[in-house]
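Okay, so here's the structure we're looking at.
Number of protein chains: 2
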Amino acid sequence: MAFDFDTALPLLRRTPGVLRELLGGLPEPWIVQTEGPDTWNAFDVVGHLIHGERTDWMPRVEHILTHGEDVPFPPFDRFAQFDASRGRSLSELLDTFAAARADSLARLEELRLSPADLERRGSHPEFGPVTLRQHLSTWVLHDLDHLMQISRAMAQLYGDAVGPWRRYLRIVNAGRGRSGVPD
Amino acid sequence: MAFDFDTALPLLRRTPGVLRELLGGLPEPWIVQTEGPDTWNAFDVVGHLIHGERTDWMPRVEHILTHGEDVPFPPFDRFAQFDASRGRSLSELLDTFAAARADSLARLEELRLSPADLERRGSHPEFGPVTLRQHLSTWVLHDLDHLMQISRAMAQLYGDAVGPWRRYLRIVNAGRGRSGVPD
């Protein structure tokens with residue numbers, strides 16, 4: 439399915455509320471649990487999402503409209519949250535993300551992009567030409583990707599506690615679930 | 439980390455609200471999207487979660503307390519939702535799940551299980567002896583596993599729309615993300 443605003447915007451609007459419902463006030467062990475060395479916990483991911491609002495999603499939309507393919511996007515810093523989130527609470531980060539996302543979506547709606555605008559091209563620093571439509575589609579999937587990542591990181595907390603059920607829980611089993619059965 | 443009620447219950451309480459926030463009123467294409475043939479969409483998963491409340495989680499707790507290892511659990515029907523959900527709306531299923539989960543947790547709290555109770559054993563029809571503590575841990579991870587599954591199923595809707603970004607989005611890339619980078 440191709441990107442369209444009527445399908446995509448409701449999902450982008452929901453993410454801050456989903457994360458608040460899932461993570462707000464949750465006991466600390468869930469929040470600090472990672473998937474292992476050099477992987478992120480839920481707190482890290484929320485910081486990363488804030489950084490995306492500030493430097494990636496709408497900034498790159500505006501970059502494409504201003505520069506087209508002439509100027510590649512500035513590269514995205516995937517580690518910025520480790521400094522930016524230091525000393526802040528998860529509750530603060532959830533509020534900051536909600537405000538930043540609301541601001542992004544207000545800016546997006548103000549642009550009143552046409553179908554032709556969605557075909558405008560920018561230049562990605564690594565893989566070259568991309569369309570505005572691909573960039574906006576990526577924004578949506580990036581939310582889902584990190585919701586998946588948060589679920590998986592949290593689940594590791596009870597990876598051993600489930601005992602013999604571990605083999606049936608793909609979330610703690612590197613994707614190897616009950617063969618042929620999506621449970 | 440071992441299962442304890444103070445850590446686990448807040449997560450079990452949140453799941454219905456998380457799913458309502460994510461899925462309630464979402465455009466239909468997200469809800470019916472699967473990961474491919476013989477995999478489930480978000481609607482199927484919510485039906486499966488309802489069936490779990492009715493026939494697995496608290497019923498097996500009560501089974502262990504009544505029968506111990508003498509009587510194996512009745513097997514769980516992983517396909518029951520295909521009949522049970524037919525003709526119902528997602529909104530109805532979300533409400534039914536929220537009510538069933540609230541009822542399950544009320545029954546669990548009424549039992550006032552002691553640490554010694556958590557070590558009581560039941561007999562799983564496939565893999566034999568399991569403890570009540572392992573069963574309750576599995577309830578929690580099962581929620582997270584299906585939140586992951588819903589995210590992944592939904593994401594396939596834009597798997598092609600993201601163009602060259604696909605290679606960086608593990609959610610549409612069978613787990614192959616940016617090597618060494620959890621993004």
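Residue numbers (the numbering used here), protein chains in the order written: chain A, 439 to 621; chain B, 439 to 621. The beta-carbon is built from N, C-alpha and C at its ideal position, and this holds for glycine as well.
Just checking: is the beta-carbon of residue i within a distance shorter than 7 Å of some beta-carbon in chain A?
{"i": "B:M592", "result": "yes"}
{"i": "B:F441", "result": "yes"}
{"i": "B:G560", "result": "no"}
{"i": "B:I502", "result": "no"}
{"i": "B:W603", "result": "yes"}
{"i": "B:D583", "result": "yes"}
{"i": "B:R614", "result": "Reliability of the predicted coordinates at B:R614 is poor, the pLDDT of 49 falling under 50, and no value is obtained from them."}
{"i": "B:V470", "result": "no"}
{"i": "B:V600", "result": "yes"}
{"i": "B:V568", "result": "yes"}
{"i": "B:E557", "result": "no"}
{"i": "B:G455", "result": "yes"}
{"i": "B:T445", "result": "yes"}
{"i": "B:I488", "result": "no"}
{"i": "B:L460", "result": "yes"}
{"i": "B:L607", "result": "yes"}
{"i": "B:S523", "result": "no"}
Only counting the same chain, and skipping five residues up and downstream in sequence, which positions put a Cβ closer than 8 Å to that of residue i?
{"i": "B:D533", "result": "none"}
{"i": "B:D515", "result": "H489, T493"}
{"i": "B:Q594", "result": "Q471, T472, E473, G474, V610"}
{"i": "A:F481", "result": "I469, V470, S523, L528, L531"}
{"i": "A:F604", "result": "Per the sequence presented here, residue 604 of chain A reads as Arg, with Phe not at that position. For A:R604, where only same-chain residues beyond five positions count, the Cβ hits under 8 Å are G597, D598, V610, N611."}
{"i": "A:F520", "result": "D482, G485"}
{"i": "A:D444", "result": "none"}
Which whole-angstrom value describes the C-beta separation of residue i and residue j, a residue pair presumed to lie in contact below a C-beta threshold of 8 Å?
{"i": "A:T504", "j": "A:A591", "result": "Not confirmed; about 37 Å, so no contact."}
{"i": "A:G597", "j": "A:V610", "result": "4 Å"}
{"i": "A:L531", "j": "A:V470", "result": "The pair is not a contact, with the Cβ atoms about 13 Å apart (cut-off 8 Å)."}
{"i": "A:S523", "j": "A:G462", "result": "Between A:G462 and A:S523 the Cβ distance is about 16 Å, and since that is not below 8 Å, they are no contact."}
{"i": "B:E491", "j": "B:A538", "result": "4 Å"}
{"i": "A:L464", "j": "B:P448", "result": "6 Å"}
{"i": "A:L582", "j": "A:A446", "result": "Wrong, their Cβ atoms sit about 11 Å apart, outside the cutoff."}
{"i": "A:S589", "j": "B:S589", "result": "7 Å"}
Mind checking if residue i is an interface residue toward chain B, Cβ cutoff 7 Å exclusive?
{"i": "A:M586", "result": "yes"}
{"i": "A:S575", "result": "yes"}
{"i": "A:F481", "result": "no"}
{"i": "A:R451", "result": "no"}
{"i": "A:P448", "result": "yes"}
{"i": "A:L528", "result": "no"}
{"i": "A:F565", "result": "yes"}
{"i": "A:P465", "result": "yes"}
{"i": "A:L595", "result": "yes"}
{"i": "A:S617", "result": "Because the pLDDT at A:S617 is just 39, under 50, the model does not fix this residue reliably, and the value given afterwards should be weighed accordingly. A:S617 does not count as touching chain B."}
{"i": "A:Q572", "result": "yes"}
{"i": "A:V499", "result": "no"}
{"i": "A:V578", "result": "yes"}
{"i": "A:S589", "result": "yes"}
May I ask you to list the residues that DSSP assigns as paired with residue i?
{"i": "B:V456", "result": "In the DSSP output, where bridge partners are listed per residue, B:V456 has none listed."}
{"i": "A:H562", "result": "A:G566"}
Only counting the same chain, and skipping five residues up and downstream in sequence, which positions put a Cβ closer than 6 Å to that of residue i?
{"i": "B:W577", "result": "W495"}
{"i": "A:L634", "result": "A query on residue 634 of chain A cannot be resolved here, the shown segment of chain A reaching from 439 to 621 and no further."}
{"i": "B:T569", "result": "E557, R559"}
{"i": "B:H584", "result": "V483"}
{"i": "B:L546", "result": "none"}
{"i": "B:R550", "result": "none"}
{"i": "A:T453", "result": "D581"}
Taking 7 Å as the threshold (C-beta atoms), are residue j and residue i in contact?
{"i": "B:R571", "j": "B:F441", "result": "yes"}
{"i": "B:E507", "j": "B:S561", "result": "yes"}
{"i": "B:M439", "j": "A:M586", "result": "no"}
{"i": "B:F511", "j": "B:P563", "result": "yes"}
{"i": "B:E459", "j": "A:V456", "result": "yes"}
Ignore the nearest five residues each way along the sequence and tell me which others in residue i's own chain have a CB closer than 7 Å to its CB.
{"i": "A:N479", "result": "I469, V470, Q471, T472, A591"}
{"i": "B:P513", "result": "P563"}
{"i": "A:D555", "result": "L570"}
{"i": "A:R498", "result": "F511, G560, H573"}
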